[in-house]
Amino acid sequence: MSDPVTAPVRPSPARFTIGVSLKMYFSHARTLAWSTEVAEIARRHPAVRRGVVDLFVVPTFPSLVPVQEALAGTSVRLGAQDLATDDSGAFTGEVSGAELAEIGCTLAEIGHAERRTLFHEDDAVVAAKTAAALRHGITPLLCVGEADETSPALAALEVTQQIDLALAAADEARLPGALVVAYEPLWAIGAPVPASAGHITAVVAAVEDHLAGLADRAGSRVIYGGSAGPGLLTGLGGQVRGLFLGRFAHDASAVERILDEALALALDEAPALDETPAPDAARRDEVAS
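Taking our numbering, the leading residue of the sequence shown gets 2, the next gets one more, and so forth.
In C-alpha cells, the structure reads:
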C-alpha cells in the first residue's frame, strides 16, 4: 500500500456544485469534443469564473488524461467513475486512487446503483472505496438513494444509513475529509422526470443535517441526481446546492443553461455578486457576451 495523503479533502466554497458523468455513452472522440465545449463554456461563464459554481466532469478512464488537457486553464474539476479498493498490486483491470490523484483527478464516483446492481458491489466494497479515495485526497462522490418511492422521512433514513455504512472504513482509519453526496433515488434514475421538488428538498435537508453532525466530514454537501436537467435547479428554488447530471447534459449547451440558472439564483441571494470583478486569469479568457 502506498503512503496516504496527509492533507484531508477540502470542501468547496462555491454556492453550487454541478457535475456530469458521461458513463459509457460517448466514444473517445465525442468525449473530447464535448469536454472541449464544456471547457470553452467554463472559460467565459461568470458562474464558473466568479466561483459561484464548482463544476466537474466524470469521463471514462481512457479519456481522463486528454480531458484533463482539454480543461487546462479552467477551474473545472476532473472525476473518475470508479476506483480500486487497494492502492497497488496484482489487481487486473483496476485503477488505484494513487494513480487517479497522480493524473489530476480530485473526485471519484462511488456507490452508484449500476455498480451495485451490475457488479455486485456491496456496502463493504463501497466503504473500502470511500476510504481509498480519502487516503489520496480525492473527494468521494458518494451516490446514495432509496430503492423504492416512499416518504421523504423514510427515504432520508435509508440514505443516511447508506452514508454511515460507506464511511465505516474511513472512520475506523481516521481519514477525515468532505464528501459530495449525490442523492439519486433509484426509482428516478433513467426516468423521464426527476423526483418531485418537495421530495428532493426534504430528503436533501435531512441528509445535510446528518452530515453536519459528522465532525470529520465538515464542508460536505449534497447534490441531486436522477433524471436531473435544465430547469430543475430553478425549480428547487436554490434549496439544493447542486446537481449531478447524466444524459440531459449530453448536449453541452444544457450545461450552460444550468450554469445560467445557478448564476441567477446566486444573484437573487447576493446582488452585489454582479459587481464583483472576475479573477485576472479568468478575465484574460473572458469572451464578451
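The beta carbon of each residue, even a glycine, is placed where N, CA and C say it ideally should be. As the structure is a computational prediction, the values presented were derived from the model and not from experiment.
For His137, same chain residues with a beta-carbon under 6 Å away, outside a window of 5 residues either side, are Val6, Gly98, Ala99, Ala102 in chain order. With contacts defined as CB atoms closer than 9 Å, Val160 and Ala128 fail to qualify as a contacting pair.
Going by beta carbons, Arg222 and Val256 fall outside the 9 Å limit. Under DSSP, no beta-bridge partner is assigned to Leu187. Under the three-state reduction of DSSP, Val21 is assigned to strand. Taken in chain order, the complete beta strand (DSSP E) segments of 3 or more residues contained in the stretch 150-190 are 181-184. Between the stretch 78-91 and the stretch 43-52, the count of C-beta pairs closer than 8 Å stays below three; the two stretches do not touch. Residue burial is scored here from C-beta neighbours: Tyr26 has fewer than 16 other C-beta atoms within 10 angstroms and is therefore classed as exposed.
Annotation: the continuous alpha helix (DSSP H) that includes Asp261 extends over 253-270. Going by DSSP, Val145 is part of the beta strand (DSSP E) stretching over 140-145.
For Asp210, there is no enclosing beta strand (DSSP E); the enclosing alpha helix (DSSP H) covers residues 198-213. Taking 9 Å as the cut-off, the Cβ atoms of Arg242 and Thr86 do not count as close.
The beta-bridge partner set that DSSP reports for Ile224 consists of Ala183.
In the three-state reduction of the DSSP assignment, Ile42 falls in the helix class.
In chain order, Ala132 place their CB closer than 7 Å to the CB of Ala174, counting only its own chain and leaving out the 5 sequence neighbours on each side. The Cβ atoms of Thr75 and Arg44 lie closer than 9 Å to each other.
Excluding the 5 residues flanking it on each side, Pro153 has same chain C-beta neighbours closer than 8 Å at Gly199, His200, Ala203, Val204, Ala207, in chain order. When secondary structure is reduced to three states using DSSP, Arg16 falls in the coil class, being assigned neither helix nor strand.
The straight-line gap separating the alpha-carbon atoms of Ala189 and Ala114 is approximately 11 Å. Under the DSSP assignment, Ala109 falls in the beta strand (DSSP E) whose first and last residues are 108-111. Only buried fits Ile259, as 16 or more other CB atoms lie within 10 angstroms of its CB. Residue state for Arg248 is assigned as helix, using DSSP reduced to three classes. His121 sits exposed, since fewer than 16 C-beta atoms from the chains shown fall within 10 Å of its C-beta. Non-local C-beta neighbours of Trp35 in its own chain, meaning closer than 7 Å and more than five positions away in sequence, comprise Phe27, Ala253, ordered along the chain. With a cutoff of 9 Å on beta-carbon distance, Ala229 and Leu215 are scored as not near each other. Between Leu158 and Ala109, the C-beta spacing is not below 9 Å. Under the 10 Å beta carbon count, Thr118 is surrounded by fewer than 16 other beta carbons and is classified as exposed. When DSSP reads this structure, Val59 sits in a beta bridge with Ser22.
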